[in-house]
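Colleague: Below you'll find the structure I mean.
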Amino acid sequence: MPVLSNIKSAHVPVKIWSPESEVESQALKQLQNVASLPFVFKHVAAMPDVHLGIGATVGSVIATKGAVIPAAVGVDIGCGMIAARLNVNPELVLHDLDRLRAGIERVIPLGHESNKKLTQEVQNWKGWKNMPESVSLLRLKDRAAHQLGSLGGGNHFIEICTDEEGAVWVMLHSGSRNVGKSLAEEHIREAKGEIAKLAVKLPDPDLAYYLEGTTEYENYMRDLEWAQSYALENREEMLRRVMEVISHHVGKKGAPLPYSLKVNCHHNYATREVHYGEDVLVTRKGAVRARQGDLGIIPGSMGARSYIVRGKGSAESFDSCSHGAGRRMSRSEAKRRFSLADLQKQTAGVECRKDAGVIDEIPSAYKDIDQVMKNQTDLVDVVAVLKQVLCVKG
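All residue numbers for the sequence shown refer to the working numbering, where the first residue is 1 and numbers rise by one.
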């Protein structure tokens, strides 16, 4: 479907791939706030999973000229998805799922946990050699090393899924862990300080920005790019470990598993691109790049379907699509509204946690992923539809 809502602002319009009536009033206000900034290019694109965030909405795509907004990237720099389609006998993988889940949980640190020992792969990661020599990163390096290959909590997950042809997929969602969060928070604070010096009045203080050409801008972009590469490797490292667990599970004693397709994509990041014939900085906060032919991952909640997609290269969306179903209620509201019985019912048939600690991740706390997909048929084609059989949460 094409753009469903077109909202005016003081500078450029907001184009939304969802009916205006289905977007929270606070999220609409955030979109208009961003669109009112003088350096925002052409328009703000809001994906069909758009919902309230900090400063900028989750599900927004913002192209800028001459400035970057750290909060528009968010605090989980480089957060995204990785998925691989395995060339193994599904029956060998899908038996004894509770044992398989326990094996994954043994090798991947969850929640606030870190690796106690560093694997050879982690120690040899090439990113350590080009790590910027900033005070912040040097302070965070040891913790970053021990968290490389860890999941985190919240909506981060590891899943074993099957597609419509019965093939098994590994899919997981995570980002740059504490190092990305710490860098983001430091830069958001510093940007607010720089805006105060300029005496600029913003519609929301969390939209504080750095101007291109300043030392602060260059420092942020340097840290941002490194954290994004860390997030990519974090997902690769976890995928390696999960594949090894599955290899043992199917009787191959840890031998590398063959796979026919792999996708690793960010959905919280910024990068230089050309749009409408001009060089711009594109910030995607809860959105996936979907240029013509790009493969992407759009997960549902842990009781719904997920999608592997191929981009169509929509100019209006700045070559983007949604990053998931998107929340339709806050975590606190989900905890108030739903019970353990609700969680167990909505995750029936999935080997996963079913305790009070994950009620805020109950499927009903999210939008209908199938409707989200219907709202972006002009942005992507569906390559595969996945249904999870196992889900690991932090």
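Think of the CB as a built atom: it goes at the ideal place given N, C-alpha and C, for glycine as much as any other residue.
To the nearest angstrom, how far is it from the Cα of Asp360 to the Cα of Val309?
Modeller: 27 Å
Colleague: Can you find the residues in the same chain that come closer than 7 Å, C-beta to C-beta, to Lys192, ignoring five residues on each side of it along the sequence?
Modeller: Pro205 and Ala208
Colleague: Is the CB-CB distance between Ile362 and Phe338 below 8 Å?
Modeller: yes
Colleague: So, at 8 Å on beta carbons, what are the nonlocal neighbours of Gly127 in its own chain, with the 5 sequence-adjacent residues on each side left out?
Modeller: Trp226, Ser229, Tyr230 and Glu233
Colleague: Could you give the distance in angstroms between the alpha-carbon of Gly166 and the alpha-carbon of Met243?
Modeller: 18 Å
Colleague: Which residues does DSSP list as the beta-bridge partners of Asp206?
Modeller: The partner list for Asp206 (beta bridge, DSSP) is empty, contrary to what the question assumes.
Colleague: I believe Val14 touches Gln32 by the beta-carbon criterion, under 8 Å. Please report the beta-carbon distance rounded to the nearest angstrom.
Modeller: 6 Å
Colleague: Would you call the region 274 to 283 and the region 50 to 69 touching, i.e. three or more CB-CB distances under 8 Å?
Modeller: Contact between the region 274 to 283 and the region 50 to 69 is present, because at least three Cβ pairs lie under 8 Å.
Colleague: Would you kindly check if the distance between the Cβ of Ala71 and the Cβ of Ile188 is under 8 Å?
Modeller: yes
Colleague: Flag this pair as touching only if the region 281 to 297 and the region 341 to 358 have three or more C-beta atom pairs under 8 Å; answer yes or no.
Modeller: no
Colleague: Determine the DSSP secondary structure at Gln388, reduced to helix, strand or coil.
Modeller: strand
Colleague: Leu261 bridges to which residues according to DSSP?
Modeller: Arg85
Colleague: Could you compute how far the alpha carbon of Ser176 sits from the alpha carbon of Asp76?
Modeller: 6 Å
Colleague: Could you check how far apart the C-beta atoms of Val12 and Ala35 are, in whole angstroms? I think they sit under 8 Å.
Modeller: 5 Å
Colleague: What do you reckon, is the C-beta of Ser36 under 7 Å from a heavy atom of the ligand SAH?
Modeller: What this structure holds is no ligand at all, so the ligand SAH is not there to describe.
Colleague: In the DSSP assignment, find the unbroken beta strand (DSSP E) run with Pro48 in it and report its ends.
Modeller: Val40 to His51
Colleague: Between which two residues does the beta strand (DSSP E) carrying Ser174 extend?
Modeller: Start and end: Val168 to Ser174.
Colleague: Do you know offhand how far Trp17's Cα is from Leu97's?
Modeller: 38 Å
Colleague: Helix, strand or coil, according to DSSP, for Asp142 in the structure here?
Modeller: helix
Colleague: Return the Cβ separation of Asn375 and Pro48 in integer angstroms, given the expectation that the two are a contact with Cβ distance under 8 Å.
Modeller: 4 Å
Colleague: Terminal residues of the continuous beta strand (DSSP E) containing Val274?
Modeller: Asn268 to His275
Colleague: Just to confirm, are Val245 and Ile104 a CB contact at a threshold of 8 Å?
Modeller: yes
Colleague: Thinking C-beta only, is Arg241 closer than 8 Å to Val122?
Modeller: In this structure, Arg241 does not lie closer than 8 Å to Val122 by Cβ.
Colleague: For Leu343 and Leu110, I'd like the C-alpha separation in whole angstroms.
Modeller: 20 Å
Colleague: Kindly indicate which three-state DSSP category Leu295 falls into: helix, strand or coil?
Modeller: strand
Colleague: What residue range is occupied by the uninterrupted beta strand (DSSP E) comprising Thr215?
Modeller: Careful: Thr215 lies outside any beta strand (DSSP E), inside the alpha helix (DSSP H) at Thr215 to His249.
Colleague: Using only the alpha-carbon positions, how far apart do Pro19 and Leu28 sit?
Modeller: 11 Å
Colleague: Just to confirm my understanding: we take Ala255, look at its own chain, exclude 5 residues before and 5 after, and list those with CB closer than 8 Å. What are they?
Modeller: Ser247
Colleague: Quick check on DSSP: helix, strand or coil for Asp378?
Modeller: coil
Colleague: Would you list the residues sitting across from Lys397 in a DSSP beta bridge?
Modeller: The chain is shown only over 1 to 394; residue 397 falls outside these bounds and no answer can be derived.
Colleague: In terms of DSSP beta bridges, what is Glu278 paired with?
Modeller: His275
Colleague: Please classify Ser320: does DSSP put it in a helix, a strand, or coil?
Modeller: Ser320 sits in a strand when the DSSP states are folded into three classes.
Colleague: Rounded to whole angstroms, what's the CA-CA distance from Ile297 to Asp319? Just pull it up for me.
Modeller: If you take the alpha carbons of Ile297 and Asp319, they lie about 14 Å apart.
Colleague: Which whole-angstrom value is the C-beta distance of Arg305 and His51, which I expect to be below 8 Å?
Modeller: Contact flag wrong, Cβ pair sits at about 19 Å.
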